[in-house]
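Structure first, then comments.
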Amino acid sequence: MIRILTIIGARPQIIKASALSRSIKNKFSDKIQEVILHTGQHYDDQMSKIFFDELKIPKPDYNLNVGSSSHGKQTALMIQGIEDVLLKEKPDVMILYGDTNSTLAGAVAGSKLHIPIAHIEAGLRSFNKSMPEEINRIMCDHVSTYLFTPTTTAVENLKSEGFNVLSKPEYNIDNPCISNLGDVMYDNSMHFSSVAEEKSSVLQKYNLEKNNFITVTIHRDNNTDNPKRLNSIFKAIDNISKENNIDIIIPLHPRTSKILKERLSEELYAKIINNKFLKIIPPVSFFDMIMLEKNSKLIVTDSGGVQKEAYFYKKPCVILRSETEWVEIIKNKAGIIADAEYNKIINSVNYFMKNNDINFQQVFGNANAAELICEKILKDF
Ligand code: UD1
Ligand code: UDP
């Protein structure tokens, strides 16, 4: 029996972790024991608890309850708390997801205690170090022993940073193992697709007509914290809904909802609030999100995960960033980088309103990444 310690903290990590927990429960319960540590980075029920309940993820064994603060303080509190748990639990392997401050804290605490780190979603790069996520993911990759990449692009990125993609056992922090086994988010999107159809009533609740609405999410710090960008994005959304007579549903991250009134101009805020096509709602459950994504005409987002889910469900996506780590989406012409530019956002949406003959090639694995990851880790013990 090997013991793994999984670190989660932010919404997408909780969702991603459900794939591995499910796989352990269904196939490896006699071989892998999982201990779950929640840093408490996300703490609202709609950002955390709802996913444990809905996706049947085991309740965390530890919750550090660090809450929100500056990057330094938040990460420091996490490192301290994670270190205590690692010393007590002495896991064989630590599992880290993605690129949040919870990922970075786990990487620092675990590597200093010589605990092998498995990084799921390794090798992704935006090549934009003004993003906190780019710093977090680079630091985590470089202290990991197992790098689980979701795409071949991620493998190439690691290669160009000097990683040996053909390394042989004994694996360790200086001789890490790179395995390209697919994307655990794809596992989840396929696994829960029909369950969501059964369980979610979000379309009825918000009176949405299938294939005749747009889903939007906005939470990236450079969009929420920069009033110019935020105004440009919302002005475009307001315009798109009215020009096309189309409903736009926006499950809004608390980061964005908290500052909307203060950062938008008074005039634009009034327009948004009085626009009958715009449905700005609190964050939704994963099943509700799946139904919104599957039934949207197209998706507009700055989220990494939502971009990919758009692709999984064969929906075009307008990306509110200046670049993306998920370059396959752009290569396959299923997404357009519009950044926060008013005209680009409108033109990209208009393009996809008319053109949806897209070849959604399968590039994110075979929806069995979690199982393959468990097998790979087990093989080494
Ligand atoms: C974090 C991640 C980001 C990821 C996102 C997923 C970092 C640096 N960023 O960004 O990569 O895409 O999670 O959603 O780790 N807040 C609440 N309730 C909550 C959580 C947050 O109100 O449950 C508000 C607080 O005002 C907080 C703000 O959101 O200050 C930002 O939260 P934080 O976790 O620091 O960053 P995210 O923007 O969520
Ligand atoms: N998500 C959700 N409810 C919402 C918005 C997003 O369940 O209201 C899910 C979404 O389906 C995806 C994940 O959260 O699986 C993406 O998280 P987020 O956009 O917060 O972060 P990112 O992927 O950009 O790190």
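Residue numbering for the sequence shown follows my numbering, starting at 28 and increasing by one per position. Beta carbons: idealized from backbone N, C-alpha and C, even for Gly. Computed from a predicted model, the values in this text were never measured in an experiment.
Proximal residues to residue i (C-beta, below 7 Å), its chain only, five neighbours per side dropped
{"i": "Asn266", "result": "Ile373"}
{"i": "Thr102", "result": "Asn128, Leu131 and Ala132"}
{"i": "Pro87", "result": "Ile63, Leu64 and His65"}
{"i": "Asn163", "result": "Asp126, Thr127, Asn128, Thr130 and Leu131"}
{"i": "Leu423", "result": "Examination of residue 423 is not possible in this model, given that the chain is present from 28 through 408 alone."}
{"i": "Gln334", "result": "Thr328, Cys344, Ile346, Thr351, Trp353, Ile356 and Gly362"}
{"i": "Glu81", "result": "Ser312, Phe313 and Phe314"}
{"i": "Gln388", "result": "Asn359"}
Reference residue i, options the options, closest by Cα
{"i": "Ala365", "options": "Leu208, Glu355 and Ser349", "result": "Ser349"}
{"i": "Ile275", "options": "Ser259, Arg290, Ile299 and Asn202", "result": "Ile299"}
{"i": "Lys117", "options": "Ser138, Ser323 and Gly331", "result": "Ser138"}
{"i": "Leu32", "options": "Cys204, Leu123, Phe304 and Thr244", "result": "Leu123"}
{"i": "Lys58", "options": "Arg282, Met28 and Ile84", "result": "Met28"}
{"i": "Ala367", "options": "Glu110, Val354, Ile260 and Phe387", "result": "Ile260"}
{"i": "Asn383", "options": "Lys403, Ser323 and Phe391", "result": "Ser323"}
{"i": "Leu91", "options": "Leu140, Lys83, Ile109 and Phe78", "result": "Ile109"}
{"i": "His283", "options": "Lys269, Val170, Pro254 and Asn302", "result": "Per the sequence presented here, residue 283 reads as Thr, with His not at that position. Selected option, being the one with the closest Cα: Pro254."}
{"i": "Arg30", "options": "Ser48, Gln40 and Gly36", "result": "Ser48"}
{"i": "Leu405", "options": "Ile51, Gly331, Asp214 and Glu183", "result": "Ile51"}
{"i": "His146", "options": "Cys167, Val229, Leu279 and Leu140", "result": "Cys167"}
{"i": "Phe304", "options": "Lys341, Tyr338 and Glu236", "result": "Glu236"}
{"i": "Asp206", "options": "Lys403, Leu151 and Val229", "result": "Looking at the sequence itself, residue 206 is Ser, so the reference to Asp does not match. That would be Lys403, whose Cα lies nearest to the Cα of Ser206."}
{"i": "Thr172", "options": "Lys156, Asn155, His141 and Tyr378", "result": "His141"}
{"i": "Glu294", "options": "Val182, Lys262 and Met121", "result": "Lys262"}
{"i": "Ser216", "options": "Tyr296, Lys156, Ser157 and Lys321", "result": "Lys321"}
{"i": "Leu98", "options": "Phe240, Met158 and Asp201", "result": "Note on identity: in this sequence residue 98 is His, with Leu being the wrong assignment. For the residues Phe240, Met158 and Asp201, the minimum Cα distance to His98 belongs to Met158."}
{"i": "Thr179", "options": "Lys156, Arg152 and Val170", "result": "Arg152"}
{"i": "Cys401", "options": "Gly36, Ile34 and Gln60", "result": "Gln60"}
{"i": "Ala121", "options": "Gly150, Lys100, Phe175 and Lys156", "result": "A small fix is needed here, since residue 121 is Met in this sequence, not Ala. Of Gly150, Lys100, Phe175 and Lys156, the residue nearest in Cα terms is Phe175."}
{"i": "Gly150", "options": "Leu114, Asp119, Val135 and Gly189", "result": "Gly189"}
{"i": "Pro143", "options": "Pro203, Leu114 and Leu279", "result": "Pro203"}
Endpoints, the alpha helix (DSSP H) within which residue i is located
{"i": "Ser138", "result": "Asn128 to Lys139"}
{"i": "Val211", "result": "Val211 to Lys226"}
{"i": "Leu257", "result": "Pro254 to Asn271"}
{"i": "Ala145", "result": "It is not in any alpha helix (DSSP H) - Ala145 instead sits in the beta strand (DSSP E) that spans Ile144 to Ile147."}
{"i": "Lys54", "result": "Arg38 to Lys54"}
{"i": "Asp80", "result": "Lys76 to Leu82"}
{"i": "Val345", "result": "No alpha helix (DSSP H) contains Val345, which is instead part of the beta strand (DSSP E) from Cys344 to Ile346."}
{"i": "Leu305", "result": "No alpha helix (DSSP H) contains Leu305, which is instead part of the beta strand (DSSP E) from Leu305 to Ile308."}
{"i": "Gly332", "result": "Gly331 to Phe339"}
{"i": "Leu291", "result": "From DSSP, Leu291 is part of no alpha helix (DSSP H); its letter is neither H nor E."}
{"i": "Ala394", "result": "Segment: none, Ala394 is in no alpha helix (DSSP H) and carries neither H nor E."}
{"i": "Glu183", "result": "Thr179 to Ser187"}
{"i": "Lys321", "result": "Phe313 to Asn322"}
{"i": "Asn302", "result": "Counting along the chain, Asn302 falls outside any alpha helix (DSSP H), and DSSP gives it neither H nor E."}
{"i": "Asp248", "result": "Asp248 to Thr251"}
Same chain only: Cβ atoms within 6 Å of residue i, ignoring 5 sequence neighbours per side
{"i": "Glu160", "result": "Asp126"}
{"i": "Asn370", "result": "none"}
{"i": "Ile416", "result": "Nothing about residue 416 can be read from this structure; the chain reaches only from 28 to 408."}
{"i": "Arg38", "result": "His69 and Met74"}
{"i": "Asp329", "result": "Ile245, Arg247, Asn250, Leu347 and Arg348"}
{"i": "Ser375", "result": "Val345, Ile363 and Ala365"}
First through last residue of the beta strand (DSSP E) which encompasses residue i
{"i": "Gly362", "result": "Gly362 to Ile364"}
{"i": "Gln60", "result": "Ile59 to His65"}
{"i": "Val27", "result": "With the chain covering only 28 through 408, there is no way to say anything about residue 27."}
{"i": "Thr328", "result": "Leu325 to Thr328"}
{"i": "Thr33", "result": "Ile29 to Ile35"}
{"i": "Phe175", "result": "Tyr173 to Thr176"}
{"i": "Met121", "result": "Val120 to Tyr124"}
Three-state secondary structure assigned by DSSP to residue i
{"i": "Lys166", "result": "Reading the sequence as shown, one finds Met at residue 166 and not Lys. Three-state result, Met166: helix."}
{"i": "Ser206", "result": "strand"}
{"i": "Ile200", "result": "coil"}
{"i": "Asn370", "result": "helix"}
{"i": "Pro278", "result": "strand"}
{"i": "Ile385", "result": "coil"}
{"i": "Asn92", "result": "coil"}
{"i": "Tyr70", "result": "coil"}
{"i": "Leu235", "result": "coil"}
{"i": "Glu352", "result": "coil"}
{"i": "Gly108", "result": "helix"}
{"i": "Met158", "result": "coil"}
{"i": "Ser194", "result": "coil"}
{"i": "Leu151", "result": "coil"}
{"i": "Asn377", "result": "helix"}
{"i": "Lys100", "result": "helix"}
Cutoff 8 Å: residue i Cβ touching any chain B Cβ
{"i": "Asn250", "result": "The structure shown contains no chain B; it is built from a single protein chain."}
Cutoff 8 Å; reference residue i; Cβ partners in own chain excluding five residues on either side
{"i": "Ser227", "result": "Ser312, Phe314, Asp315, Ile317 and Met318"}
{"i": "Ser96", "result": "Leu104"}
{"i": "Gly209", "result": "Pro177, Phe391, Gly392, Asn393, Ala394, Asn395, Ala396 and Leu399"}
{"i": "Asn184", "result": "Gly150, Leu151 and Arg152"}
The ligand ADP heavy atom lying under 7 Å from the CB of residue i
{"i": "Gly332", "result": "Summarising the ligand content, the structure contains the ligand UD1 and the ligand UDP and does not contain the ligand ADP."}
**Request:** Can you list the residues near the ligand UD1, meaning Cβ strictly closer than 5 Å to any non-hydrogen atom, in the order they appear in the chain?
**Result:** Those satisfying the condition are, in chain order, Ala37, Arg38, Gln68, His69, Tyr70, Asp71, Met74, Ser95, Thr127, Asn128, Pro159, Glu160, Pro281 and Arg282.
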